[in-house]
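Residue numbers (this note's numbering), protein chains in the order written: chain C, 1324 to 1675; chain W, 1324 to 1675; chain B, 1324 to 1675; chain A, 1324 to 1675.
Number of protein chains: 4
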Amino acid sequence: MSKHEIKVGILGATGAVGQRFVQLLENHPWFRVTALAASERSAGRPYPEAAVWRLDTPIPEAAREMSVTLCEPGLDCDLVFSGLDSSVAGPIEAAFAAAGYAVVSNSKNHRMDDDVPLLVPEVNGDHCRIIDYQRKRRGYDRGFIATNPNCSTIGLTMALKPIADHFGIRQVAVTTMQALSGAGYPGVPSLEILDNVLPYIGEEEDKMERETLKLLGRFRDNRIEHSGIVVSAQCNRVHVQDGHMECVSVSLEKETDTKGLAEALRNHRGLPQELGLPFAPRHPVIVRDEPDRPQPRMDRDAENGMAVTVGRIRPCPVLDMKFVVLSHNTIRGAAGTAIMNAELLRTQGYLD
Amino acid sequence: MSKHEIKVGILGATGAVGQRFVQLLENHPWFRVTALAASERSAGRPYPEAAVWRLDTPIPEAAREMSVTLCEPGLDCDLVFSGLDSSVAGPIEAAFAAAGYAVVSNSKNHRMDDDVPLLVPEVNGDHCRIIDYQRKRRGYDRGFIATNPNCSTIGLTMALKPIADHFGIRQVAVTTMQALSGAGYPGVPSLEILDNVLPYIGEEEDKMERETLKLLGRFRDNRIEHSGIVVSAQCNRVHVQDGHMECVSVSLEKETDTKGLAEALRNHRGLPQELGLPFAPRHPVIVRDEPDRPQPRMDRDAENGMAVTVGRIRPCPVLDMKFVVLSHNTIRGAAGTAIMNAELLRTQGYLD
Amino acid sequence: MSKHEIKVGILGATGAVGQRFVQLLENHPWFRVTALAASERSAGRPYPEAAVWRLDTPIPEAAREMSVTLCEPGLDCDLVFSGLDSSVAGPIEAAFAAAGYAVVSNSKNHRMDDDVPLLVPEVNGDHCRIIDYQRKRRGYDRGFIATNPNCSTIGLTMALKPIADHFGIRQVAVTTMQALSGAGYPGVPSLEILDNVLPYIGEEEDKMERETLKLLGRFRDNRIEHSGIVVSAQCNRVHVQDGHMECVSVSLEKETDTKGLAEALRNHRGLPQELGLPFAPRHPVIVRDEPDRPQPRMDRDAENGMAVTVGRIRPCPVLDMKFVVLSHNTIRGAAGTAIMNAELLRTQGYLD
Amino acid sequence: MSKHEIKVGILGATGAVGQRFVQLLENHPWFRVTALAASERSAGRPYPEAAVWRLDTPIPEAAREMSVTLCEPGLDCDLVFSGLDSSVAGPIEAAFAAAGYAVVSNSKNHRMDDDVPLLVPEVNGDHCRIIDYQRKRRGYDRGFIATNPNCSTIGLTMALKPIADHFGIRQVAVTTMQALSGAGYPGVPSLEILDNVLPYIGEEEDKMERETLKLLGRFRDNRIEHSGIVVSAQCNRVHVQDGHMECVSVSLEKETDTKGLAEALRNHRGLPQELGLPFAPRHPVIVRDEPDRPQPRMDRDAENGMAVTVGRIRPCPVLDMKFVVLSHNTIRGAAGTAIMNAELLRTQGYLD
């Protein structure tokens, strides 16, 4: 292990998100997984035994040799990624932060806390500075909590950010068609989704309508001012393994046309691209001109699943413009963004 | 055959819509199928041989014994249902009407003709009176052409009609998740839709945005005044066999709430219900209160596939109210509505 | 209620098999559901609340009004159908039989008991006479236990029986492709079966290899002599909702050809057909000549799901003949056969 | 281009198999694609325009710049891979061979020709020597035709070969569950396979029963003596994108047990492994011990899709042993094996 490597633990390492962390962190240039933590049922067991591995690449060699420990401070690492279930994530993450760990979480529990950054590096990387306030307020020394949004919100805000910057957004109406992996494992029973669509995902619409405002808000005077945009979300589960599709309509403050919107999206570069973060896609937003793209199976793996793909940009008779966004919900929409959040936080000195 | 029975021919009888006509007309109390017509390739062959039967009930006995004829006037019937492909439907339907046949068509060709009714009996049954003008203008004696809208438009307008009547509609934003049977046979290749969503259906958005205005328009002074509502549609193909889902948002002229909207939908009755038409569902719009309904597989067959199901009625932060509509796209959305159109036209004297 | 009607209870009424019992018994000419029993969690609650109804017809009116009771003797009925989970079925069913109830079970627990009939009416209806011995041996007065086989075994033996009768069977090699509903609810997670096949179903191969021998055995001298046939089963789960496909090869004692085998299957009639039992299909085995049938979606509902469909009959280069069998796994393969078992038992006087 | 590189053309480059060739040959150490040929309809057009690219990696850079030419000798290359449709492959391939091209084909047309090797390098690499006889007999100078078997036969024979070598095989009964990509594009309509299994694939059973014998035959005295093994195949299409599953039973000449069979399979190495061919998997047969493997989605990509996975090895009550084989049908089962065939032929001097 090089002296510049950072030791990393994964909370909830046996679950669906935890497995993605383990998979994506294999060979990471900065981070090395040194602890895999999960519930009591798994603790003490070899990782390959405790985790029912569901990804279609093999378990990384390193993880294959490790044993699972309990989710309690004392882990041999400086940074923990949390893929914990929201029923337990809240106090555990707080305990780790209080004990001096950097906590980068995919769980919803602390997302809307005033002093916790809800981060997508290309969207609002500067919000990470709220951590200074968080530490002061909570009396954390080296530790802190940073979060990423809900999967469907990440894809949406990746597309909205350049539009907001160039044209100003007033309203957003979004209808999602979300993949099964978003429900974790075992998740949706096959009998419910075969030859079917489920028009409801618990809390999802509320998350999209609220988290988007924090993400597109402004960091000022040690607080995050939420955006005044109005968002309406309708969320559906469809028969797709990975990749959330979102049909979006927006009303804008400044007029534009199909070409103008496409250019703003296509040219968007954010902090991760400037900083050359290891997980940064070259093009955070890929714009496709074909009439029938994006599609989950064809586009979800673009730039290793870290780019979102936008297509079908056209005028909207009711609002101003409409388009379709596709993002890989468990990479860009969860573990991948969390890892890039940690990369960003390191470059900003929060892991020192 | 009772003397009151009407002899019926089916144009395009071997295709997907044609097969539905054959299936649904078995045992119809008023109509008896006496002619099955299709392209040259099929003409002269026994129907069970010419049609690759794709429905999961057996071919009706009567049809089993019939031979396919060409799609030319001279068929032994008074009424023809047309499930012809739009590449050929236009002139064939006109020829039949000119030759004195009542033509009730599911094809798009004549839908937007000024003098042709675009009918959904519960929505705009009174528009059938434009046939008088059509006959005069085109010099038809007994014949005429009547059409039903595109499948996704039927489901949408069935839900919009009672809302428009009670509260007035200004804007409609709709995102569809449409079934594979809507693409006919062979239709969508399995490799394109397995683990996938297709965000594009040719012409579909345009049809929904335009046909809806004619359907919700007013019949006055021998013309149909199109409605001034603004409609924006985003259409997707999903991995479902039958049943189109539509996520709808509407802005209204008069304020209402979830309960008010639900009641207007639930209590809606139209001409078919008043007249007791054979294919009329008792409840044209079924409203479900469960958070996760409608679903294609659970709700598409409600009232033999002739009712649409609405659920998830709730306020929309961007427009006023939002909800989900589900309709069986090949029954209510095609052959079933066409048959009920013919029933309505008979009660109005157009088949005499 | 007519005085000839028999009062029926359903054990495990909220589960997947229990729901099928409730659905199929609606309007049964002989049986009337008067008790719905389930676990403590459900007891005392209205049935529509306790059962997450998963079938695509509505909950029968009668059941809609009933409350769930505990699975304990004392139910107001004479006959109970058991769809209990095998983890609890054993002692509960025995308790009911001891208390004087006729127990007709779909559970595996008592299937292989020496004194319990394992019944498929068309296959071995005469085995029901073992009940006399059962009553004597166990000291049951009016009560008894009768069972039906595992779903995949039912389809198989329905096809094997006429072959065994006409040609004698020595060996059977069968590979199944089984539907998701066979795993109950929630059953197989969608993430496990989307774009996948699972080559393993716990205990299934063993059940097919053993139960088949009892079914094809002979009732003699108050015992059931198991058949000496050798069976090898390979069981797979595929992405189908209902309908088990089975690719079968058999070696025979007497030579035959495709036509001979087809005729034996097509002409098969059993006790249910002779007796005119309410649930008896006219043709227990439907033989199709098309090269690509049977198919689950096209054939599972043949004769209300009570007929099995055989196709692709042809010589087998390794054994003698091969063919494909399709049966509806939750109707013919579970609740439907159980109900017909009860019908048979009534005609044989066991419900008096 | 290094002087050791071999120029390669692809016949049928726009089709499903052709696209796989283009994809897999990107960055091949020995072969460089210099010609893409297809039908008249495509000839003259840029490849990205002529081919509806269906694979989920982008079109290789090189191919992106190329134009499609006609399938006629004169292509600037020494070796052609043929993914031509069998309706045209026969004479075109012969014409190329006669004109001096090495033709390595995936098409069925010449597979069973006496003087054409039907090759899977791990199974019967030595059969390539029949090319000497072929050249002499047909008067080919430098050219020749070599073929690979049908997709399902490749997976089967990869597993049978080590068994035949160690224990001798007398009989094989195999039931397949084959992926949709095996039918090419557009292939199977989604409406036929959603919630369904198709128990028939044209000619497939015959191919498996016959090609297997040639593959497991012996090269002797300038001829290939077909094996005397008896094979019975039942072929089904299931709802899977890539990856053919096969449930196999074998009767053996020498007795063995689960462990013995597993070891023979696991330790198998063939010519490609000895020679270190670029496309050779380290382990041509991966044996898994879990009860529920192989599975298409989890195992098809093992060793870049070039290894087959065997699981569920256990005794068969009817024959001797049974197991399940999984292979990626468009990589190992088509283009990948063809490429490795060319690699083998190069090491044997046939491309000099």
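We treat Cβ as the ideally placed atom computed from N, Cα and C, and that holds for glycine.
| task | List the endpoints of the continuous beta strand (DSSP E) containing Ala1630 (chain B). | result | Neither: Ala1630 (chain B) is in no beta strand (DSSP E) and is coded neither H nor E.
| query | Quick one: is Arg1623 (chain B) buried, meaning 16 or more other Cβ sit within 10 Å of its Cβ, or exposed? | reply | buried
| message | Check for me: the alpha helix (DSSP H) holding Asn1447 (chain B) runs from which residue to which? | response | Pro1444 to Asn1447
| Whole runs of the beta strand (DSSP E) within the stretch 1390 to 1430 of chain W, excluding any shorter than 3 residues | 1391 to 1393, 1402 to 1405 and 1425 to 1428
| request: List the residues of chain B whose Cβ lies closer than 8 Å to the Cβ of Gln1501 (chain A), in chain order. | output: Going along chain B, no residue has its Cβ under 8 Å from Gln1501 (chain A), so there is no contact; the nearest lies around 10 Å.
| request: Using a Cβ cut-off of 8 Å (strictly closer), state whether Met1435 (chain C) contacts chain W. | output: no
| task | Report the three-state DSSP secondary structure of Thr1380 (chain B) (helix, strand or coil). | result | coil
| field | Nearest neighbour of Cys1558 (chain A), chosen from B:Asp1464, B:Phe1602 and B:Thr1499 [CA to CA] | value | B:Thr1499
| field | 8 Å Cβ cutoff met for Met1568 (chain C) and Pro1604 (chain C) | value | no
| field | Through-space distance from Arg1465 (chain B) to Val1403 (chain B), alpha-carbon basis | value | 13 Å
| said: Please give me, in chain order, every unbroken run of the alpha helix (DSSP H) with length at least 4 that falls completely inside the stretch 1560 to 1602 of chain W. | reply: 1581 to 1589 and 1594 to 1598
| said: Please identify the residue among B:Ser1409, B:Gly1367, B:Leu1598 and B:Glu1384 whose C-alpha is closest to the C-alpha of Ser1390 (chain B). | reply: B:Gly1367
| message | Under 8 Å, Cβ to Cβ, is there at least one residue of chain B near Leu1347 (chain W)? | response | no
| request: Determine whether the Cβ of Leu1517 (chain W) lies closer than 8 Å to any Cβ atom of chain B. | output: yes
| message | Measuring only the C-alpha atoms, how far is Ile1524 (chain W) from Arg1560 (chain W)? | response | 7 Å
| query | Using a Cβ cut-off of 8 Å, which residues of the stretch 1615 to 1628 of chain W contact any Cβ in chain B, in chain order? | reply | Arg1620, Met1621 and Asp1624
| Taking only beta-carbon atoms, is Ser1504 (chain W) less than 8 Å away from chain A? | yes
| Nearest neighbour of His1549 (chain C), chosen from C:Asp1437, C:Val1495, C:Cys1394 and C:Arg1343 [CA to CA] | C:Asp1437
| To the nearest angstrom, how far is it from the Cα of His1351 (chain A) to the Cα of Pro1601 (chain A)? | 8 Å
| Straight-line gap, Glu1416 (chain B) to Pro1369 (chain C) (C-alpha atoms, nearest Å) | 41 Å
| field | Opening and closing residue of the beta strand (DSSP E) in which Val1345 (chain A) lies | value | Element bounds for Val1345 (chain A): not the beta strand (DSSP E) but the alpha helix (DSSP H), Ala1339 to Leu1348.
| task | Could you list which residues in chain B have their beta carbon closer than 8 Å to that of Asp1379 (chain W), in chain order? | result | Arg1620, Met1621 and Asp1624
| message | Please list the terminal residues of the continuous beta strand (DSSP E) segment that includes Met1435 (chain W). | response | Careful: Met1435 (chain W) lies outside any beta strand (DSSP E) and carries neither H nor E.
| query | If you draw a straight line from the alpha carbon of Val1375 (chain A) to that of Ala1336 (chain A), how long is it in whole angstroms? | reply | 11 Å
| What are the start and end residues of the beta strand (DSSP E) that includes Ile1524 (chain W)? | Run containing Ile1524 (chain W): none; DSSP gives neither H nor E here.
| said: Run through the DSSP bridge pairs and tell me what Phe1646 (chain B) is partnered with. | reply: B:Val1571
| query | Ends of the beta strand (DSSP E) at Leu1676 (chain A)? | reply | Missing from the structure shown is residue 1676 (chain A); chain A here goes from 1324 to 1675 and no further.
| message | Against chain W, does Leu1649 (chain A) count as a neighbour if the rule is that its beta carbon must be under 8 Å from one of theirs? | response | no
| message | Helix, strand or coil for Leu1479 (chain C)? Go by DSSP, reduced to three states. | response | helix
| Spatial distance of Cys1570 (chain B) from Val1648 (chain B) (CA atoms) | 7 Å
| said: Measuring only the C-alpha atoms, how far is Asp1529 (chain C) from Pro1509 (chain A)? | reply: 40 Å
| said: Distance cutoff 8 Å, beta carbons only. Does Gln1342 (chain B) sit that close to anything in chain C? | reply: no
| query | What's the call for Lys1645 (chain B), buried or exposed, on a 16-neighbour Cβ count within 10 Å? | reply | buried
| So Asp1379 (chain A) packs on Met1621 (chain C), CB below 8 Å; how close in whole Å? | 6 Å
| query | In this structure, does DSSP put Thr1653 (chain A) in helix, strand or coil? | reply | coil
| field | Nearest-angstrom Cα separation, counted from Val1520 (chain B) out to Val1608 (chain C) | value | 35 Å
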